[in-house]
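Student: Residue 661 is where the sequence shown starts when you use the working numbering, and the numbers rise one by one after that. Even glycine gets a Cβ: it sits at the ideal position worked out from N, Cα and C.
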Amino acid sequence: MFRYVKALSFLLIFIIFSHEPLALGGQSNAKRIQFEPLRDPDVAGNASTIESNNAQDAIEEVANNVATSASPGFTWGKSGNINNSYLLNDTVPCNKSGRMVPVTSGNVTTIFVAAEVTSNATIQIVRRDPGPIFTVIASTTLVAQRTKTDQLVALAPVVFDDEICVFISGSIKNPVVGLIIKGSL
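#1: Rounding to the nearest angstrom, what Cα-Cα distance links residue 767 and residue 814 in this structure?
#2: Are there three or more Cβ pairs, one per stretch, closer than 8 Å when the segment 740-752 is compared with the segment 803-823?
#3: Spatial neighbours of residue 782 within its chain, please: C-beta separation below 7 Å, excluding the five flanking residues on both sides.
#4: My output table needs one value for residue 823: the three-state DSSP class, helix, strand or coil.
#5: Can you give the Cα-Cα distance for residue 809 and residue 757, rounded to whole angstroms?
#6: Among 794, 763, 774, which has the Cα closest to the Cα of residue 845?
#7: Tell me the DSSP secondary structure of residue 776 in three-state form.
Now the structure itself:
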């Protein structure tokens with residue numbers, strides 16, 4: 661995401677400093693600008709190329725690239741010793757009200773967990789379907805660990821308006837669980 665912000669910064673600076681101010685009477689003294697694709701030399705393969713040939717389209721292209729490469733993060737937690745329980749969304753049990761997925765064609769790519777003390781527990785990422793029916797879509801296990809970040813090999817697909825919950829099997833103290841979901845907005 662930083663490369664797109666950097667590219668947008670370069671573009672805005674170019675636009676600001678390449679135009680002359682308006683003359684009195686509203687007549688423009690600005691020169692016509694010929695745009696060429698903007699490439700970030702710091703990125704191998706020029707992954708942040710802007711292909712647009714005018715300022716407005718370039719700004720929209722950068723905004724879309726930032727939005728589609730964004731990774732919404734979600735967290736759940738619960739205080740105390742937890743045994744076989746759903747975690748909370750803020751103060752509400754997530755099996756009552758889960759977190760809504762704001763992306764289309766998304767995938768859960770990462771699960772991260774932290775606990776107060778070394779624990780043995782399985783963290784299940786669950787989709788709540790109407791009924792309610794709970795379907796496990798991903799999981800990770802702590803074995804004598806306090807923290808863990810799990811990059812999922814088998815991505816867990818999610819779509820817009822899926823309701824996501826977290827269930828802990830086993831015993832854990834003061835857990836916080838998070839997800840990274842990548843997809844298009």
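Tutor: This is what the structure gives:
#1: Within the sequence shown, numbered from 1, the residue matching residue 767 stands at position 107. Within the sequence shown, numbered from 1, the residue matching residue 814 stands at position 154. Residue 767 and residue 814: Cα-Cα distance of roughly 10 Å.
#2: no
#3: Translated into positions along the sequence shown, residue 782 becomes position 122. Once the five neighbours on either side are set aside, the close Cβ partners of residue 782 are 799, 801, 829, 830.
#4: Here residue 823 is taken as the residue at index 163 of the sequence shown, counted from 1. Strand, per DSSP.
#5: Within the sequence shown, numbered from 1, the residue matching residue 809 stands at position 149. Within the sequence shown, numbered from 1, the residue matching residue 757 stands at position 97. The straight-line gap from Cα to Cα measures roughly 25 Å.
#6: For the purposes of this step, residue 845 is taken as residue 185 along the sequence shown, with counting starting at 1. Taking only the C-alpha atoms, the option nearest residue 845 is 763.
#7: Stepping through the sequence shown from its first residue, residue 776 is reached at position 116. Here residue 776 sits in strand by DSSP.
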